[in-house]
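Below is one structure, written out as structure tokens; the observations come after it.
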Amino acid sequence: MIIVEDLSVNYGAVRALRDVSFEAPTGQITAVLGANGAGKTTLLRTISGLVTPKSGTVHFGEQLLIGLATENIARLGVGHVPEGRGVIEELTVEENLRLGALSRKVDIASGLADQYARFPVLGERRKKLCSTLSGGERQMLAMARALIAKPRVLLLDEPSLGLAPQITAQLMKTIHELCESEHLTVILVEQNAKSALRIAHSAVVLHLGSAVASGDAASVAANDDLRRYYLGVAVE
Amino acid sequence: MSAFLSSSIMHNIFGGVAQGVVYSLVALSLVIIWQSTHVLNFAQGAMAMFATYVGMTEIDRGIGYWWCVIISVAVGMLLGGLTERVLIRPLYGKPEINPIVVMVGFLGVLEALAAAIWTSTTRNITEPFSQIFFHDHGNLVYLSPFIIYQVILALGIMLIIAGLFRYTKLGLQLRASALAPEVSRLLGIRVSRMLTIGWILSAGVGAIAAVIQASGSFGLFPTDMDGIFVAGFIAAAVGGLESPIGAVAGGLLIGLAEQFILAYWSPNVAPLGGIIILVVALMIRPQGLFTKVAGRRV
Amino acid sequence: MIRTFLRQETTLSRFLGVVVLTAVTLAITIVLPPVADSELAGGAAIAIVILGLSWLIGWSGQISLGNSGFMAVGAYAAGIWAHHHATTPLIFTLFLATVAGAISGLIIAIPSTRLRGPYLAGMTLAFSAAVTPIAQNFTSVTGGEGGLFMNSLATPGWFGHFFSGPNATINANAQWTADLAVFVAGITFFFMANLFHSRTGRAMRLVRDNDVAAELMGVNLSRTRSLAFMIAAAYAGLGGALYSLLQASVRPETFPLTLSITLLTLMVLGGIGTLSGAVIGGIIFSFSANLVAHVNSLTGVNPTSNLGANMQGIIFGALLILTMLFVPRGLVSIKTPVRRLFRSRHQVVEAGEVH
């Protein structure tokens, strides 16, 4: 599991995260919600080691992640699909996938086969440059690339961004299935709170860098105050 | 056949190719460094020259040609790795003009240092293969075993490099590190190591170019590599900074252009051969050569 | 008081500011011995070139390694003309050099405006690397290796009257050349100061920082960039001609590639995109010979040895590297009370692409 304790991050004078604490239990989906600028992406980037916090810790089980280099955190099995997916356009689909498999001791051939089986579209377009992929296809590729490394933790930054509702629904379903079948620990950052809460086990809500609420998904979803102020969902 | 081979046109073609090969190797080294780091090393020529000078002093001590080559390449690689660690590392994330300026400064230091250590004279390495031109049925063909060796060497290195980048794990990581360093790190790739490797490879190839130049009939003078670097740069730009094959083709093209200008137009204009090609290339592709100089994307 | 003048945005205040600074510098030339005067003169000529380069790189964001080439164009233009028309007034010769520089700048700019970063640098590098071989080869025009002699800097009679004593002529000549160089530099600085504040200057900065926005505002990108090149080249041509006049000759070796590197170093050291930076650069150049000699004696190096002879190249190259790594905005940006006095209002805060 991932344990975040009193994490504070500053960008110059701006306090992006203030004493954020929560737990992402093993094998479960933890949603991180909040409006734009709430600090959700900063949180993931700090866990991945791209950002150094001012104070606080992040543990992956017993292992302290703060202070480790990003590539080493990835090698420990923390997969991060960044905002915008980070698909490398100048490379082909297959090359992107191969990249994902390089840093962990996985068999590339069977890894590729697995991902092509799970995402047939990728298999069809395996030799194509990624610049030709649609938004939904890129999301699939980004996920496959993270999964091929057989991670233990998956950090997903706004996977539904820019995707049509039907595809988003499908995507969430896939994430849920993956979590079940691979027993992954998933931290799902989303602005689309509704669809995230449907598959999440627990949730944390961020507002201007602070964690203002947390708990199991159902109670967060039902909390009217939260829904109105932080999730932008009209009270029905 | 023999008349054809010894004709004036073939003479010029062989001559152009012989010089063009050196340009190709420099161009290739620039492609390597661009593909793996998205930085253009303006001191490439000077570094290669310096490494070759070190190799050449070893020759004075009586070792053979091939040892000189090995030492020069090794020194070149060492220099490349050190340069990346010490001079370029601090500049990541800064504007792209900074490494250019730093490398230009490095260029100045290296040339002055070389002149200081080894004096400003031309130095030569005795060629490993005969430079005597062939005779075919009594006609002079302007090819020699040495030229053939140069061409084979350059083509061989080009194939190895192209293969490396396209088909190997290392090549994939090198490319990814330059194209998207942050994403690559998220995938567990040791990006900083890749960048150093890119510099080391590039410097090694550049050193070979200088060694060939030094073994040729003109030897090597501290500032010689300036003109060669410029030609190599133009070749890489024209041929495509993403393409090893394009770089080699570009280098040969410039070599040929210079040779033909020298022979058929005027020797005075020959140094402009490269610029002329550059301008022509720009006219054909008026939108500029690869104007999407992609910054370091995340 | 000077500071107050410089701070104001009117042409008059800039004019007065430049006048005062020029007057002060002229006063200094009177005090200095003749040798120092000559060095100062050289420094003034180089300061002009640096200013143009600073404008190009700092304000329009286009990197050029080719300004030694533009210097050569101006110098040779002046030289070739003077060779055939010995009695041309100095003003005309300088004007010719400036125009020649501008034209060559335009020629180089045409293919270059679409190039960015390393490609542009490479293109300009190609240009300046080609200058020496061309000067050497086209012997009939350029006088080949021997170069051309230029004699237009004869001290006028009225000036000589101020000097008496055993070394009158030497003193007078040195004084005249120094004052002339400073005066010309003053004029060019005044123009540049106005340029910084003009619409053209603002357009340059906009094109540099955000060319999409510039285009949307109706700015013609190519034309603006070409203009920047032309101005920089014109300055370089003028500076180059002045420089050669001071040496009374122009030869192929006068403008090697290493000069471009030196220019870059001085510009970066002084501070990109600032008037004061160019002044600092020029001053450093004036004393560079002394500086190098000083370093030689400090480290016990024999100046005639290989190491000694190449010390300048080593020092300047190393300086460029160190400055770029540690003080990329140049000496101008070092915040000390003394610095504040001289820091001109015209400093480009987000100096081009150097942070």
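Protein chains in written order, with this note's numbering: chain F, 5 to 240; chain L, 245 to 542; chain X, -3 to 351. Ideal Cβ placement from N, Cα and C applies to all residues, glycine included.
* Which value, in whole angstroms, describes the spacing of the CA atoms of F:V125 and F:V91? -> Taking the straight line joining both Cα atoms gives about 16 Å.
* Along chain L, in chain order, which residues have C-beta atoms closer than 9 Å to that of F:A78? -> R429, L430, L431, G432, I433
* Who are the near neighbours of F:T28 in its chain, counting only those whose CB is closer than 7 Å to its CB and skipping five residues on each side? -> According to the sequence provided, residue 28 of chain F is Ala. The question's Thr does not apply to it. The residues are M5, I6, T34, T189, I191.
* To do: Select from F:L145, F:V24, F:A168 the residue whose C-alpha is nearest the C-alpha of F:A217.
  => F:V24
* Asked: For X:L116, which of X:R201, X:S56, X:G235 has the nearest alpha-carbon?
  -> X:S56
* **7 Å Cβ shell around L:A359 - same chain, five flanking residues per side excluded** => P466
* Asked: How about L:V346 and X:M320: are their beta carbons less than 8 Å apart?
  -> yes
* **Neighbour-count burial assignment, F:E194, 16 or more Cβ in a 10 Å radius** => buried
* Asked: Do three or more CB pairs link the region 79 to 97 of chain X to the region 63 to 71 of chain X at distances below 8 Å?
  -> yes
* Whole alpha helix (DSSP H) runs in the region 80 to 121 of chain F with 4 or more residues, listed along the chain? -> 97 to 106
* Mark L:I404 as exposed unless 16 or more other C-beta atoms lie within 10 angstroms of its C-beta, in which case mark it buried. => Burial call: exposed.
* Per DSSP, which one or two residues make a beta bridge with F:T61? -> In DSSP, F:T61 forms a bridge with F:E9.
* To do: List the residues of chain X whose Cβ lies closer than 8 Å to the Cβ of L:P511, in chain order.
  => N133
* Asked: In chain X, which residues lie with their C-beta within 7 Å of the C-beta of L:P425?
  -> Those within 7 Å of L:P425 in chain X number zero; the least Cβ separation is about 17 Å.
* Asked: Taking the alpha helix (DSSP H) that L:V298 falls in, what are its first and last residues?
  -> 288 to 304
* Among residues of its own chain, excluding the 5 on either side of X:L111, which ones have a beta-carbon nearer than 7 Å to its beta-carbon? -> M119
* Asked: According to DSSP, is F:R129 helix, strand or coil?
  -> Three-state DSSP puts F:R129 in coil, outside helix and strand.
* Alpha carbon of L:R329 to alpha carbon of L:V427, nearest angstrom -> Each residue's Cα considered, the two are about 21 Å apart.
* Is there at least one Cβ from chain X nearer than 8 Å to L:P488's Cβ? -> The Cβ of L:P488 sits no closer than 8 Å to any Cβ of chain X.
* **7 Å CB neighbourhood of F:G53 in its chain, flanking five on each side removed** => Excluding positions up to five away in sequence, the list reads L69, L72, A73, T74, I77.
* Report yes or no: is there a C-beta of chain F within less than 8 Å of the C-beta of L:G539? => Residue confidence for L:G539 is low, a pLDDT of 37 falling below 50, so the modelled location carries little weight; the figure read from the coordinates is stated next. No, because no Cβ of chain F sits closer than 8 Å to the Cβ of L:G539.
* Other residues of its chain near F:G139: CB distance less than 7 Å, five sequence neighbours each side excluded -> These residues qualify, in order along the chain: G166, L167.
* **Residues near F:Y15 in its chain [Cβ-Cβ closer than 6 Å; skip 5 each side]** => None.
* Step through the CB atoms of chain L and report whether any lies within less than 8 Å of the CB of F:L175. => no
* **L:Y386 - DSSP class collapsed to helix/strand/coil** => Of the three classes helix, strand and coil, the one that applies to L:Y386 here is coil, per DSSP.
* Asked: Using CA coordinates, which residue listed in F:V18, F:E94, F:P163, F:I171 is at the minimum distance from F:L212?
  -> F:V18
* To do: Give a yes or no on whether the minimum CB-CB distance between X:N306 and chain L is below 8 Å.
  => yes
* Smallest Cα separation from L:I401: which of L:V435, L:F258, L:A271? -> It is L:A271.
* Asked: Do you know how far the Cα of L:C312 is from the Cα of L:I303?
  -> 6 Å
* To do: Tell me whether X:S340 sits in a helix, a strand or coil according to DSSP, three-state version.
  => Note that X:S340 has pLDDT 42, beneath the 50 cutoff, so the model's placement of it is unreliable and the number below is only indicative. Note: X:S340 maps to coil in three-state DSSP.
* Extent of the continuous beta strand (DSSP E) run through L:I276 -> Segment 252 to 281 is the alpha helix (DSSP H) holding L:I276; no beta strand (DSSP E) there.
* Taking L:S316 and L:G289 to be in contact with their CB atoms under 8 Å, please state how far apart those CB atoms are, rounded to whole angstroms. => Rounded to the nearest angstrom, the Cβ distance from L:S316 to L:G289 is 14 Å, too far for a contact under 8 Å.
* **Opening and closing residue of the alpha helix (DSSP H) in which X:E211 lies** => Taken as a continuous stretch (DSSP letters only), the alpha helix (DSSP H) holding X:E211 covers 207 to 212.
* Enumerate in chain order the residues of its own chain whose CB-to-CB distance from X:V288 is below 8 Å, with the five nearest sequence positions on each side excluded. => M307, Q308, I311
* **Supposed contact pair X:S9 and X:G62 - C-beta distance, whole angstroms, cut 8 Å** => Not a contact, Cβ separation roughly 34 Å.
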